[in-house]
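S.K.: Pasting a structure here, questions to come.
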C-alpha cells in the first residue's frame, strides 16, 4: 500500500510539472534601481535568456525602481511568493543572516577579483545555501560595487573630513558603525527616499557605488564625489523557493546557469563603464576627488571587524582572507 501511495504521489508531481510546462510560467522579477542602471541590464539579460532557453515555457516580467515595494518589502514578497525573484543589496538580507554581514565589512576584499573568487567559490555557495531556511533560493551575487562618499560640503581626503556630515547609510551594521566612529551622523533611509532627503537637506552626504550615484541622479543634489572605496558591496539575487522547486529540473538548471551568466555580464559592464560614468558625473558638475588616504580609512575601520567577530565569530573573516 505504501508503494502504491508513493507511486501515486510521484505521478501527481510529474503531472503537475508537465502541466506547468504546458501552461507556461511567468516570474515576477523585482529590483529597486532605475531602468537606466546596470541592475536592469542584468534583469533584461536574465529574462531574455530564460525565455529563449526554455522555449518560452518560463518568461520573466521585470519590475524596476521599487515598483513592487522597497527593498525589505520586495524581500518579504520573495519569501512569501508575492514576488518570484528579487535583486537587492546583500546588506538587506543580513538582518536574517547576520553571519553574511562579514562580506560587507569595510576593506574586506583586496580587489574586485578577490571578491569574485570569494563570492563564486565555496564561501559564496555556503552563503547562498542559507537563503533556503528563509524560503528563498539563492542564485548569485551580482555587483553593486565599491562604495564612495558624496556630499555638499567638501572633498573627503582623510577620515577626519567625514566628521559632522549627516550621512545617509544603508542598514549595514558595519558601515553604520564606521561612520559613527568617524563622527558623522549616520541615518538609515530607503534609497527611494534619498534624492529628496539630499535635495531638502535632511542629509547632506551619502555613500554608494558610482553607478548608483549616476542612475539615481544624486549628482543633481550633490557637489563632491570622493573615491574612498571604503567597502565592496555585492547584490544578492534570490528566488522564492517554492516557485523554484515547482520548475522542472531542466528549467531549474536554466535559471541557475542564466543567473551565473547574467552576473558575470553585469560585473563586466560595471568595470567597463566605471570611468565613463565618472566622466558623465564630472560633466554634470560633480567634483571628482581621487586624492583619498585609503590607508588611513582602512586603519579607522578596524574596530568594525572586531565588532563583527565578537558577535559572529571569526570563521568567515578568516576564510575570506585565506582566499588568494
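Residue numbers (mature numbering (1 follows the signal peptide of the UniProt record, and there is no 0)): -23 to -1, 1 to 301.
Glycine included, each C-beta is placed from N, C-alpha and C at the ideal position.
Predicted model only: the values in this text are computed from it and were never measured.
Any idea which residues DSSP pairs residue 209 with across the strands?
M.R.: Your numbering for residue 209 matches position 232 in the chain shown. Bridge partners of residue 209: 123.
S.K.: Under 9 Å between the Cβ atoms of residue 132 and residue 201?
M.R.: Numbered from its first residue, the chain shown carries residue 132 at position 155. Numbered from its first residue, the chain shown carries residue 201 at position 224. Cβ distance < 9 Å, so residue 132 and residue 201 count as in contact.
S.K.: Please look up how many angstroms separate the CB atoms of residue 253 and residue 122, rounded, as I've assumed it's under 8 Å.
M.R.: Taking the chain shown and counting its residues from 1, the one referred to as residue 253 is at position 276. Taking the chain shown and counting its residues from 1, the one referred to as residue 122 is at position 145. Contact flag wrong, Cβ pair sits at about 14 Å.
S.K.: With C-beta atoms as the reference, is residue 188 less than 9 Å away from residue 12?
M.R.: Within the chain shown, numbered from 1, the residue matching residue 188 stands at position 211. Within the chain shown, numbered from 1, the residue matching residue 12 stands at position 35. Against a cut-off of 9 Å, the Cβ pair of residue 12 and residue 188 comes out as no contact.
S.K.: Once you ignore the five residues that flank residue 184 on each side, which residues in its own chain have a CB closer than 6 Å to its CB?
M.R.: By 1-based counting over the chain shown, the position of residue 184 is 207. The residues are 124, 126.
S.K.: From 176, 1, 36, 10, pick the residue whose C-alpha is nearest to that of residue 235; which is it?
M.R.: For the purposes of this step, residue 235 is identified with residue 258 of the chain shown, where counting begins at 1. Taking the Cα of residue 235 as reference, the smallest distance to any Cα among 176, 1, 36, 10 is reached at 36.
S.K.: Tell me the start and end of each unbroken alpha helix (DSSP H) in the region 211 to 273 that is at least 4 residues and wholly inside, in chain order.
M.R.: 218 to 223, 226 to 260
S.K.: Am I right that residue 81 and residue 96 are in contact with their C-beta atoms under 8 Å? What's the rounded C-beta distance?
M.R.: Sequence index remark: in the chain shown, residue 81 carries index 104 (1-based). Sequence index remark: in the chain shown, residue 96 carries index 119 (1-based). The pair is not a contact, with the Cβ atoms about 12 Å apart (cut-off 8 Å).
S.K.: Can you tell me whether residue 99 is helix, strand or coil according to DSSP?
M.R.: Position 122 of the chain shown holds residue 99. It is helical.
S.K.: DSSP has residue 145 in a bridge; who is on the other side?
M.R.: Position 168 of the chain shown, counted from the first residue, corresponds to residue 145. 164, 183.
S.K.: Just tell me which of 134, 174, 276, 5 has its CA closest to the CA of residue 146.
M.R.: Here residue 146 corresponds to residue number 169 of the chain shown, with the count starting at 1. Nearest of 134, 174, 276, 5 to residue 146, Cα basis: 174.
S.K.: May I have the straight-line CA-CA distance separating residue 210 from residue 120, to the nearest angstrom?
M.R.: Stepping through the chain shown from its first residue, residue 210 is reached at position 233. Stepping through the chain shown from its first residue, residue 120 is reached at position 143. Residue 210 and residue 120 have their C-alpha atoms spaced approximately 7 Å apart.
S.K.: What does the alpha-carbon distance come out to for the pair residue 157 and residue 85?
M.R.: Counting from 1 along the chain shown, the entry for residue 157 is found at position 180. Counting from 1 along the chain shown, the entry for residue 85 is found at position 108. The straight-line gap from Cα to Cα measures roughly 19 Å.
S.K.: Please report the residue range of the alpha helix (DSSP H) in which residue 156 lies.
M.R.: The sequence position of residue 156 within the chain shown is 179, counting from 1. Note, residue 156: alpha helix (DSSP H), 150 to 158.
S.K.: Give the C-beta separation of residue 16 and residue 24 to the nearest angstrom, bearing in mind that I take them to be a contact with Cβ-Cβ under 8 Å.
M.R.: Residue mapping note: residue 16 aligns to position 39 of the chain shown, counting from 1. Residue mapping note: residue 24 aligns to position 47 of the chain shown, counting from 1. The Cβ separation is near 13 Å, so there is no contact.
S.K.: Sort 19, 28, 7 by Cα distance to residue 227 and report the nearest one.
M.R.: The residue labelled residue 227 in the question sits at position 250 within the chain shown. Ranking 19, 28, 7 by Cα distance to residue 227 puts 28 first.
S.K.: Following the continuous beta strand (DSSP E) through residue 35, name the residue where it begins and the one where it ends.
M.R.: Taking the first residue of the chain shown as position 1, residue 35 is located at position 58. Start and end: 35 to 40.
S.K.: Just the C-alpha distance for residue 53 and residue 100, rounded to the nearest angstrom, thanks.
M.R.: Numbered from 1 along the chain shown, position 76 holds the residue referred to as residue 53. Numbered from 1 along the chain shown, position 123 holds the residue referred to as residue 100. Take the alpha-carbon of residue 53 and the one of residue 100: they are about 25 Å apart.
S.K.: Would you list the residues sitting across from residue 59 in a DSSP beta bridge?
M.R.: Here residue 59 is taken as the residue at index 82 of the chain shown, counted from 1. Partner(s): none; residue 59 has no beta bridge.
S.K.: Within the continuous beta strand (DSSP E) that includes residue 116, where are the two ends?
M.R.: As a working note, residue 116 is residue 139 in the chain shown. Note, residue 116: beta strand (DSSP E), 113 to 117.
S.K.: In the DSSP output, what is residue 66 paired with across the bridge?
M.R.: Taking the first residue of the chain shown as position 1, residue 66 is located at position 89. 212.
S.K.: Please list, in chain order, all residues of the same chain as residue 56 whose beta carbon is under 8 Å from its beta carbon, the five residues on each side excluded.
M.R.: Position 79 of the chain shown, counting from 1, holds the residue named residue 56. If we look at residue 56 and ignore the five residues flanking it on each side, its Cβ neighbours are 111, 112, 113, 217.
S.K.: How big is the Cα-Cα spacing for residue 143 and residue 177?
M.R.: Translated into the one-based positions of the chain shown, residue 143 becomes position 166. Translated into the one-based positions of the chain shown, residue 177 becomes position 200. So the alpha carbons of these two residues sit roughly 12 Å apart.
S.K.: Give me, in chain order, the residues of the same chain whose beta-carbon lies closer than 6 Å to that of residue 105; leave out the 5 immediate sequence neighbours on both sides.
M.R.: For the purposes of this step, residue 105 is taken as the residue at position 128 of the chain shown. Taken in chain order, the residues that qualify are 115.
S.K.: In this structure, does DSSP put residue 294 in helix, strand or coil?
M.R.: Reading the chain shown from its first residue, position 317 is the one you call residue 294. In this structure, residue 294 counts as helix in the three-state DSSP scheme.
S.K.: Which term fits residue 281, buried or exposed, when burial requires 16 or more other beta carbons within 10 angstroms of its beta carbon?
M.R.: Against the chain shown, residue 281 aligns to sequence position 304. Buried, since its Cβ has 16 or more Cβ neighbours within 10 Å.
S.K.: Residue range of the beta strand (DSSP E) that residue 201 falls in?
M.R.: Position 224 of the chain shown, counted from the first residue, corresponds to residue 201. Taken as a continuous stretch (DSSP letters only), the beta strand (DSSP E) holding residue 201 covers 201 to 203.
S.K.: Between which two residues does the beta strand (DSSP E) holding residue 4 run?
M.R.: Here residue 4 corresponds to residue number 27 of the chain shown, with the count starting at 1. Boundaries of the beta strand (DSSP E) around residue 4: 2 to 8.
S.K.: Out of curiosity, what's the CA-to-CA distance linking residue 274 and residue 34?
M.R.: Sequence index remark: in the chain shown, residue 274 carries index 297 (1-based). Sequence index remark: in the chain shown, residue 34 carries index 57 (1-based). Distance between the alpha carbons of residue 274 and residue 34: 50 Å.
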